[in-house]
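Residue numbers (our numbering): -19 to 49.
C-beta: ideal position from N, C-alpha, C; glycine also.
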Amino acid sequence: MVISSYQLSGQNDLVVNGSMAISGKDTFDNVIIQNGGTLNLNGELYVNDDMIVESGGIVTHSLRFEPGL
């Protein structure tokens, strides 16, 4: 798993450039899924500002896990 999490101008941002799973409840100001990055959501993700999925990035969830969609 290769992920980056960084703060920019006091913001809590998540940058995914590998494989990452979220199974709990997480909040970020901005989320960026880069080319080659995969975010598997099996929990709650709250994004305060922007969520960007770049070309080649993937956001998915496990089969039948659809609460909140």
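Please return the same chain residues whose Cβ sits closer than 6 Å to the Cβ of residue i, not counting the five positions on each side in sequence.
{"i": "LEU21", "result": "ILE2 and HIS41"}
{"i": "ILE136", "result": "Because the chain in this structure spans residues -19 to 49, residue 136 falls outside the shown range and cannot be described."}
{"i": "GLY4", "result": "GLY23"}
How about residue i and residue j: are their beta carbons less than 8 Å apart?
{"i": "ASP29", "j": "ASP9", "result": "yes"}
{"i": "GLN14", "j": "VAL(-4)", "result": "yes"}
Residues in its own chain within less than 8 Å of residue i by CB, not counting five upstream and five downstream?
{"i": "GLN(-9)", "result": "ASP9, ASN10 and ASP29"}
{"i": "ILE32", "result": "ASN10, VAL11, ILE12 and ILE13"}
Should residue i be labelled buried (16 or more other beta-carbon atoms within 10 Å of its own) or exposed?
{"i": "SER35", "result": "exposed"}
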